[in-house]
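Heads up, the thing below is written out as structure tokens.
Numbering (the working numbering), first residue to last: -17 to 105.
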């Protein structure tokens, strides 16, 4: 889980976001441990990293899977985008979806999900 460097990893994500840069997570050095890589890459994706450095070809699939949105995340992001478009036609800014308020930061997050899905060939 690399908890000893969690603060540093979080600072990298924050600095990259503030400067509109992609945040690439650190290397997972045990290239034989795919489960450990997968867990750390998934944690990195949740922290806001956009990718992960790898050192061995065997790590490619696990890293790509961790940073590719799930079908459920893609479907939800598409619903957010559609509902936003409808609310804009009605002259509204924020709107509700599934009982939750959606505003610009959540819309941007949905667009990021859709951008990553498109880059991965999922849409």
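No residue lacks a Cβ here, since even glycine has one placed at the ideal position from N, Cα and C. For clarity, every value in this text was computed on a predicted model and none was experimentally measured.
Determine the closest residue to residue 40 out of 55, 63 and 19, with distance taken between C-alpha atoms. Sequence index remark: in the chain shown, residue 40 carries index 58 (1-based). Closest by alpha carbon: 19.
Whose C-alpha, out of 105, 29 and 44, is nearest the C-alpha of residue -10? Counted from its first residue, the chain shown places residue -10 at position 8. Ranking the options by Cα distance to residue -10, first place goes to 29.
For residue 71 and residue 1, the rounded distance between their alpha carbons: For the purposes of this step, residue 1 is taken as residue 19 along the chain shown, with counting starting at 1. For the purposes of this step, residue 71 is taken as residue 89 along the chain shown, with counting starting at 1. Between residue 1 and residue 71, the C-alpha separation is close to 32 Å.
Let me check one thing: in DSSP terms, what residues is residue 90 bridge-paired to? Along the chain shown, one-based indexing puts residue 90 at 108. For residue 90, which the question treats as bridged, DSSP gives no partner whatsoever.
Where residue 26 sits in the DSSP three-state scheme: Locating residue 26 in the chain shown gives position 44, where the first residue counts as 1. Residue state, collapsed to three classes: helix.
Start-to-end residues for the beta strand (DSSP E) that takes in residue 79: Here residue 79 refers to the residue found at position 97 of the chain shown. That run of the beta strand (DSSP E) goes 77 to 79.
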